[in-house]
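For the sequence shown, my numbering assigns the number 6 to the initial residue and increments by one for each residue that follows. Using N, Cα and C, we set each Cβ at its ideal position, and we do this for glycine too. As the structure is a prediction and not an experimental result, all values here were calculated from the model. What follows is a set of notes on a single structure, which appears directly below.
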Amino acid sequence: MSPVFGKDDGNVNNFVAVQVPISGREHHRKKLRNVGDLSSDTSELVFGSCRRNACFRLKDWEHCEASESKKLKAVEAINTMLSILTCYSELSGRFVCGKRYRLRGVV
Numbered sequence: 006m007s008p009v010f011g012k013d014d015g016n017v018n019n020f021v022a023v024q025v026p027i028s029g030r031e032h033h034r035k036k037l038r039n040v041g042d043l044s045s046d047t048s049e050l051v052f053g054s055c056r057r058n059a060c061f062r063l064k065d066w067e068h069c070e071a072s073e074s075k076k077l078k079a080v081e082a083i084n085t086m087l088s089i090l091t092c093y094s095e096l097s098g099r100f101v102c103g104k105r106y107r108l109r110g111v112v
C-alpha cells in the first residue's frame, strides 16, 4: 500500500494497494481440503485469505506471508501504477506528486 500525494498541497489524496496471493504452507492446504471438497490448488485462490483466516486459529494464520519475490512484484506494480497515475494526472489537471515513500513494514 502506498499513499498518493497531491502535487499542490502535499496532502494524501488516496492510496494505491496491490493484493498479493499468499500460498499457504502444506499444513494450510491440508486444512483447507478438510474444510470442504477442494481438490485442486487453484481452489485455494478462490477460497480467499479472509475466509481462511476465519476458518483457522489466528496462530496458524500468522505464519502465512508472501515470499520476497511476490513482495518485489507488488512494489514494481505499485511503482508502475503511480507512474501512470502521475502521467494521467497532468491530463486531468489534478496533479499528483511522483514521490514514493516507503511505509514501515513494507518492502
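Residue i burial status per 10 Å Cβ neighbour count (16 or more: buried)
i	result
S74	exposed
Beta-carbon contacts of residue i that lie in its chain and below 7 angstroms, excluding the five residues immediately before and after
i	result
E95	none
D13	F100
A22	M6
Cα-Cα separation between residue i and residue j, rounded to whole angstroms
i	j	result
S7	E70	19 angstroms
K76	T85	14 angstroms
K35	G98	Residue confidence is low: K35 scores 48 on pLDDT, short of 50, so the model does not pin down where it sits. No coordinate-derived value is stated.
Neighbourhood of residue i by C-beta distance below 6 angstroms, restricted to the same chain and skipping five residues each side
i	result
A79	V23 and V25
A82	V23
Y93	none
C-beta atoms of residue i and residue j nearer than 7 angstroms
i	j	result
N19	V9	yes
Limits of the alpha helix (DSSP H) - the one that residue i falls within
i	result
N16	Neither: N16 is in no alpha helix (DSSP H) and is coded neither H nor E.
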